[in-house]
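Input: a single structure, listed below in structure tokens.
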Amino acid sequence: MNKISTSLAVSLMIVTGIAGLAIGYTTNPQYKISMYDKTSMDFGRADRTLDLRYINAMISHHRGAMLLAEQVQNTTQRQGMKDLSAKILADEPGAIAELYQWKKDWYGDTRRVADPVVPNLGAYDEKFDLRFLNALIAHHEDGLIMTSDIKTKSSRTEILNNADAVDTFLTTTLKLFQDFRMEWYKI
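Residue numbers (our numbering): 50 to 236.
If you want it as structure tokens, here you go:
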């Protein structure tokens, strides 16, 4: 009798697990995406949580810029890079606060977004600023993918205006970073 109960319990756990995976896979577009592509910048289908996914991703994006800037602040020897990192550290908290407010107002969600993993730029040497520029260029390119995706899917005016503003800023500063890299490193 005990053998049958154990077998039945194990069988029910397996069936329940498979059913849970199937339900999660079919009802949550993010679950489907995360199963296959951990690096996707696609926000999934346009559903009721689309803007929340964008908000969370953009909060993480802004925090990533701050984490890179913090590494540069006390390490670089170039005043231009110090000024740039100071500007990032001064401007990004306001953008993050606005996104958190939208998240709370629209979704009642007060959870904090985890900080992203950013490259460790290492100790200062002749290529330190190049590593920072390369990281910022990749960071901006990722941001442009995010804004492009949300602009084709969201219908919320605030999100579309945010994506347009972020897109304009990223495009302008991306060119600036590429120019710095060419001037300083001939790359």
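Heads up, the beta-carbon is just placed ideally off N, CA and C, and yes, glycines get one too.
- Secondary structure of N210 (DSSP, three-state): helix.
- The residue from D154, D216, E207, D178 with its alpha-carbon nearest to that of I194 is D216.
- At a Cβ-Cβ threshold of 8 Å, S109 and V162 count as neighbours.
- Sequence-distant Cβ neighbours of N105 in its own chain, meaning closer than 8 Å and more than five residues away, are K152, V162.
- For A172, the secondary structure class from DSSP, reduced to helix, strand or coil, is coil.
- The Cβ-Cβ distance between A139 and Q122 does not fall below 8 Å.
- Looking at the backbone, the Cα of D178 and that of R205 are separated by about 38 Å.
- The alpha-carbon separation between T222 and I67 amounts to approximately 47 Å.
- Contact check for G129 against H188 fails: the beta carbons are separated by 8 Å or more.
- Unbroken beta strand (DSSP E) runs of no fewer than 3 residues, entirely contained in the segment 133-159, are not found.
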